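Below is one structure, written out as structure tokens; comments come after it.
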Amino acid sequence: MMNILRRIRPALFALVATAATVAIAGPAAVDGARLGQADREPGNWMTHGRTYDEQRYSPLTQIDDKNVKRLGLAWSRELEFDRGMEATPLVIDGVMYVTGPWSIVYALDAVSGRQLWKYDPKVDRGLAGNFCCGPVNRGVAAWQGRIYVGVLDGRLVALDARNGHPVWSVQTTDKARPYASTGAPRVVKGRVLIGNGGAELGVRGYISAYDAASGKLDWRFYTVPGDPSKPFESKALEMAAKTWNGDQWWIWGGGGTVWDAMSYDPQLDLLYIGVGNGSTWPRALRSPGGGDNLFLSSIVALRPETGEYVWHYQLAPGEQWDYPATTQMILADMEIGGVMRHVLIQTPKHGFVYVLDRTNGKLLSAEKFTRVNWASGYDLATGRPIENPEADYSKNDKPFLQYPGPLGGHNWPAMSFNPRLGLIYFSETQHPNYYRLDPTARFEDHGRRWNISQDYSLMMKDPRMIAEVDQNTRGSLIAWNVAQGKPAWQVEQSLPANGATLATAGNLVFFGAADGNFIAYSADSGTRLWSFDTGVGVMGGPITYTVKGRQYVAVGSGWGGGIASAFKDISAVDQRRNTSRLLVFSLDAKGKVPPPVLLGRVNDTPPVKMVPEQIYRGGILFSTQCGMCHGSGAGGVPELSTMSARTRADFMGIVLGGLRADKGMPAFHEQLTVEDATAIKTFVEFVANMEKAATARKASAKSP
Ligand code: CA
2 MMNILRRIRP ALFALVATAA TVAIAGPAAV DGARLGQADR EPGNWMTHGR TYDEQRYSPL
62 TQIDDKNVKR LGLAWSRELE FDRGMEATPL VIDGVMYVTG PWSIVYALDA VSGRQLWKYD
122 PKVDRGLAGN FCCGPVNRGV AAWQGRIYVG VLDGRLVALD ARNGHPVWSV QTTDKARPYA
182 STGAPRVVKG RVLIGNGGAE LGVRGYISAY DAASGKLDWR FYTVPGDPSK PFESKALEMA
242 AKTWNGDQWW IWGGGGTVWD AMSYDPQLDL LYIGVGNGST WPRALRSPGG GDNLFLSSIV
302 ALRPETGEYV WHYQLAPGEQ WDYPATTQMI LADMEIGGVM RHVLIQTPKH GFVYVLDRTN
362 GKLLSAEKFT RVNWASGYDL ATGRPIENPE ADYSKNDKPF LQYPGPLGGH NWPAMSFNPR
422 LGLIYFSETQ HPNYYRLDPT ARFEDHGRRW NISQDYSLMM KDPRMIAEVD QNTRGSLIAW
482 NVAQGKPAWQ VEQSLPANGA TLATAGNLVF FGAADGNFIA YSADSGTRLW SFDTGVGVMG
542 GPITYTVKGR QYVAVGSGWG GGIASAFKDI SAVDQRRNTS RLLVFSLDAK GKVPPPVLLG
602 RVNDTPPVKM VPEQIYRGGI LFSTQCGMCH GSGAGGVPEL STMSARTRAD FMGIVLGGLR
662 ADKGMPAFHE QLTVEDATAI KTFVEFVANM EKAATARKAS AKSP
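If you use my numbering, the sequence shown closes out at 705, no skipped numbers anywhere.
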């Protein structure tokens, strides 16, 4: 008997070992152990922020501040849709997994760019008008041989990393509500974590955890309370409900969507989520009678295995300015005020660099990184902002130019951290806004179309107000000393609303700019060492990796998403085609991007007779019906001031009849009349004429 056992046991061990190997063999064989020791394989980029602490700091040093000037284009790949490139690619064992517009996933050979497979979840292109903000996507997650993508229409799909075939697919949202998923999933302890967006259209925010193997829903954490007459989903929501008033918020959702940031600390076993802004925006309408409205605009710590609430910190109590706490959260251990701390760092739209003790959510410091006037600062004893009464537009009818506006401060473009220097690197945008409660807004109007209860009619009638906003709009790259609470260096950029950063141990910071340049600065001094002109605004998250001992740097260029709804990139300024493209660089490579495609102006034909009332009416309609994708004053993606003659001729058919529904331009015949569409066309042509005149003025001012 013993002899038989002796003989069988090694065989059993071999079997067990084989089974264990099979479970994580093959491509994308990522698990918690590998992610926890990511620095042992610095050539890979295995999760969205490279590591669970989302520092986006690579230990690779082959490319450094001495030789970066030899960096050139190794390969590039144009994607089939021009709707913006927000993704951060993953690279695992020589294979790149990246998403483009419409949640399409590509697996590419990371050395040559050769396509290994492609997965198109076939999102109904006609749905684009139901979602905020354009069909962009920020990337995938990898776990045990599978690639996970959050699809725009709310699906979460698991793909076989070998061939891109779907293994399972679940609907994570109520399809009857305007939810959209654009963020990258993360996987913690075998659970795929995914949130969603839609607060500007009326939804209730939450994050879900799905079993990575089966796709079964494991837990869901709602960020705002539901109908208080029904049982609460958790004790945390019972607490949160005490901070809400009124009888309607739960009908339209209340907002608080978890549309981007998540970080994880394996030692503390805490998952951190960033919670979005309120729905609708004005607190007077959303929660009459006041209240902090938890967990809007908050960072919440949860147990990753159960979704159980541990602590929260609310950045803006009673938030009403579209200030979501959804930008990336960097976890670091550093000395603050002479004490070693486990910190969490966030630099959101609010305009402050927040440093929290991530063990308990206590605010350690909040320093302004841009022009801010909604709050004078923070009371560190209570952790609450000292709010400027003029910022409470629900009560205050006088126009007040508030800094930052909803598109200012710093948004989703990822930041990075150099732990040796103690510096974070992020793009800053100064962009103020006149908030004003729309006196005609009703909560009942929420739940399907864009509705933020803002009245922009004063601005539409008074060009001085628009000029004031424009004159005070600018952007920079900031290197911020976290311990000292001030910038170490700052570089002004030629356009506002710039992209993401990557920090490397080669004393480098890579940065994508709206002017089309992908730039390397020295991490310690901010000296511009190298740049590459991609021809289109760069928003995507840069990464670096190695294959067979050679270091590469990758980034996506292409304008789109929420940023494009308000800011032009260089392709829009120069009237070139906005192309979504993936670019990969290495030392001594000599590749070139194809020459840009030039576009005509909408007003290359003689201008039509403009009726001021029609322009005004068209402007209001444009901002409420078209602005989500096409921008607040034309601009946006596609850039309408460069409409072709063909588009102009087909305008009514496109807008009302859905002629371009297959390209993501839905039919608006239910929302707009022929007179409405005519007014919108007149407004777009008016804006294009103004821009043409401004360009001509600039050109004649330059010529001697
Ligand atoms: Ca928002």
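Beta carbons are placed, not taken as given, at the ideal position from N, Cα and C, and that holds for glycine.
These numbers come from a predicted model, not from an experiment.
- Task: Taking P464 as the reference, give the member of N499, M691, K396, Y404 with the closest Cα.
- Result: Counted from its first residue, the sequence shown places residue 464 at position 463. Nearest of N499, M691, K396, Y404 to P464, Cα basis: M691.
- Keeping to the same chain, check which residues put their C-beta closer than 7 Å to that of R163; ignore five residues upstream and five downstream. One-based indexing of the sequence shown puts residue 163 at position 162. Only G27, P28 meet the Cβ criterion.
- Taking the alpha carbon of P226 as the point to measure from, which residue in M47, R287, L218 has its own alpha carbon closest? Sequence index remark: in the sequence shown, residue 226 carries index 225 (1-based). Measuring from the Cα of P226, the nearest candidate turns out to be R287.
- Item | 3 or more residues per run - each beta strand (DSSP E) lying fully within the stretch 353-437 | 353-358, 363-369, 376-380, 385-388, 417-419, 424-431
- Rounded to whole angstroms, what's the CA-CA distance from Y149 to T371? Just pull it up for me. By 1-based counting over the sequence shown, the position of residue 149 is 148. By 1-based counting over the sequence shown, the position of residue 371 is 370. Y149 and T371: Cα-Cα distance of roughly 36 Å.
- Message: For ligand 1, is there any heavy atom lying closer than 6 Å to the beta carbon of N769?
- Response: The structure shown has nothing for residue 769, since the chain only spans 2 to 705.
- Put M263 into one of helix, strand or coil per three-state DSSP. Numbered from 1 along the sequence shown, position 262 holds the residue referred to as residue 263. DSSP places M263 in strand when its eight states are reduced to three.
- Message: Assuming contact is defined by CB atoms lying nearer than 7 Å, are A498 and G527 in contact in what I supplied?
- Response: As a first step, residue 498 must be located in the sequence shown, where it is residue number 497. As a first step, residue 527 must be located in the sequence shown, where it is residue number 526. Going by C-beta atoms, A498 is not nearer than 7 Å to G527.
- Query: Using 8 Å as the threshold, is the stretch 173-182 in touch with the stretch 402-411, meaning 3 or more CB pairs across them?
  - Reply: no
- Message: Taking the beta carbon of R728 as the centre, do at least 16 other beta carbons fall within 10 Å, making it buried, or is it exposed?
- Response: Beyond the ends of the chain as shown, which are 2 and 705, falls residue 728; an answer cannot be given.
- Task: Determine the closest residue to K487 out of R443, P122, N518, Y426, with distance taken between C-alpha atoms.
- Result: For the purposes of this step, residue 487 is taken as residue 486 along the sequence shown, with counting starting at 1. Checked all of R443, P122, N518, Y426; the closest Cα to K487 is Y426.
- Item | Proximity winner among F511, L673, L600, V548, relative to L530 (alpha-carbon distances) | By one-based count along the sequence shown, residue 530 stands at place 529. Minimum Cα distance to L530 is reached at F511.
- How big is the Cα-Cα spacing for A468 and F418? Within the sequence shown, the letter at position 467 stands for residue 468. Within the sequence shown, the letter at position 417 stands for residue 418. Taking the straight line from one Cα to the other gives about 36 Å.
- P464 - containing beta strand (DSSP E), residue span: The residue you call residue 464 lines up with position 463 of the sequence shown. First-last for P464: 464-472, but that is the alpha helix (DSSP H), not the beta strand (DSSP E).
- Query: How big is the Cα-Cα spacing for V23 and K217?
  - Reply: By one-based count along the sequence shown, residue 23 stands at place 22. By one-based count along the sequence shown, residue 217 stands at place 216. Reliability fails at V23, whose pLDDT of 40 lies under 50, so the model's placement of it is uncertain and the value that follows must be treated cautiously. Distance between the alpha carbons of V23 and K217: 22 Å.
- Item | DSSP-derived helix/strand/coil call for K67 | Counted from its first residue, the sequence shown places residue 67 at position 66. Reduced to three states, the DSSP call for K67 is coil.
- For A262 versus M341, is the C-beta spacing smaller than 7 Å? Stepping through the sequence shown from its first residue, residue 262 is reached at position 261. Stepping through the sequence shown from its first residue, residue 341 is reached at position 340. The criterion of a C-beta distance shorter than 7 Å is not satisfied by A262 and M341.
- Message: Measuring only the C-alpha atoms, how far is V548 from V168?
- Response: The residue you call residue 548 lines up with position 547 of the sequence shown. The residue you call residue 168 lines up with position 167 of the sequence shown. About 28 Å.
- Query: Given a threshold of 16 other Cβ atoms within 10 Å of its Cβ, counted over all protein chains shown, does P440 qualify as buried or as exposed?
  - Reply: One-based indexing of the sequence shown puts residue 440 at position 439. That one is exposed.
- Does DSSP put A185 in a helix, a strand or coil? The count along the sequence shown starts at 1 and reaches residue 185 at position 184. It is coil, neither helix nor strand.
- Task: Report yes if the CB atom of Q552 is closer than 7 Å to the CB atom of I208, and no otherwise.
- Result: In the sequence shown, the residue the question calls residue 552 occupies position 551. In the sequence shown, the residue the question calls residue 208 occupies position 207. Cβ distance not < 7 Å, so Q552 and I208 don't count as in contact.
- Which residues bound the alpha helix (DSSP H) around V574? Here residue 574 is taken as the residue at index 573 of the sequence shown, counted from 1. Where V574 is concerned, the enclosing alpha helix (DSSP H) stretches over 571-574.
- Query: Closest by CA to D175, which one among L269, G203, L509?
  - Reply: For the purposes of this step, residue 175 is taken as the residue at position 174 of the sequence shown. If we check each option's Cα against that of D175, G203 comes out closest.
- Task: Check whether the stretch 188-207 touches the stretch 256-272, taking contact to mean three or more Cβ pairs, one atom from each stretch, closer than 8 Å.
- Result: Yes, they touch.
- Query: How would you write the range of the alpha helix (DSSP H) that K236 sits in, first residue to last?
  - Reply: Here the question's residue 236 lines up with position 235 in the sequence shown. Secondary structure note for K236: its alpha helix (DSSP H) is the uninterrupted segment 236-242.
- Message: Taking DSSP's pairing of strands, which residues face I681 in a bridge?
- Response: Translated into positions along the sequence shown, residue 681 becomes position 680. Beta-bridge pairing links I681 to no other residue.
- With respect to 6 Å, is the separation between the Cβ of N473 and the closest non-hydrogen atom of ligand 1 below this value? The residue given as residue 473 occupies position 472 in the sequence shown. For ligand 1, not one heavy atom lies less than 6 Å from the Cβ of N473.
- Pull up the distance between the alpha-carbon of E336 and that of A415, whole angstroms please. What you label residue 336 is simply residue 335 of the sequence shown in a count that begins at 1. What you label residue 415 is simply residue 414 of the sequence shown in a count that begins at 1. E336 and A415: Cα-Cα distance of roughly 23 Å.
- Query: Roughly how far, in whole angstroms, is the beta-carbon of S458 from the beta-carbon of D83, given that I think they are within contact range, below 8 Å?
  - Reply: Against the sequence shown, residue 458 aligns to sequence position 457. Against the sequence shown, residue 83 aligns to sequence position 82. Contact between S458 and D83 fails: their C-beta atoms lie close to 33 Å from each other, not under 8 Å.
- Query: Considering only residues of the stretch 498-551, which uninterrupted alpha helix (DSSP H) runs meet the minimum length of 4 residues and lie entirely inside it, listed in chain order?
  - Reply: none
- Could you say if the stretch 302-311 and the stretch 265-273 meet the contact criterion of at least three C-beta pairs nearer than 8 Å? Enough Cβ pairs lie closer than 8 Å, so yes.
- Candidates G73, D248, L673, A689: closest to A521 by CA position: Residue numbering aside, residue 521 sits at position 520 when the sequence shown is read from its first letter. When each option's Cα is compared against that of A521, the closest is G73.
- Task: Determine the closest residue to D212 out of R221, W451, R192, with distance taken between C-alpha atoms.
- Result: Looking up residue 212 in the sequence shown gives position 211. The candidate whose alpha carbon is nearest that of D212 is R192.
- Item | Residues proximal to ligand 1 by C-beta, any heavy atom closer than 7 Å | A200, E201, G277, N278, D323, P325, P407
- Message: Which same chain residues end up closer than 6 Å to R661 when comparing Cβ atoms and leaving out the 5 residues on each side of it in sequence?
- Response: Translated into the one-based positions of the sequence shown, residue 661 becomes position 660. Cβ within range, chain order: I655.
- Item | Top-ranked residue by Cα proximity to S298, from T327, I346, A185 | The residue you call residue 298 lines up with position 297 of the sequence shown. Of the candidates T327, I346, A185, the one whose C-alpha sits nearest the C-alpha of S298 is T327.
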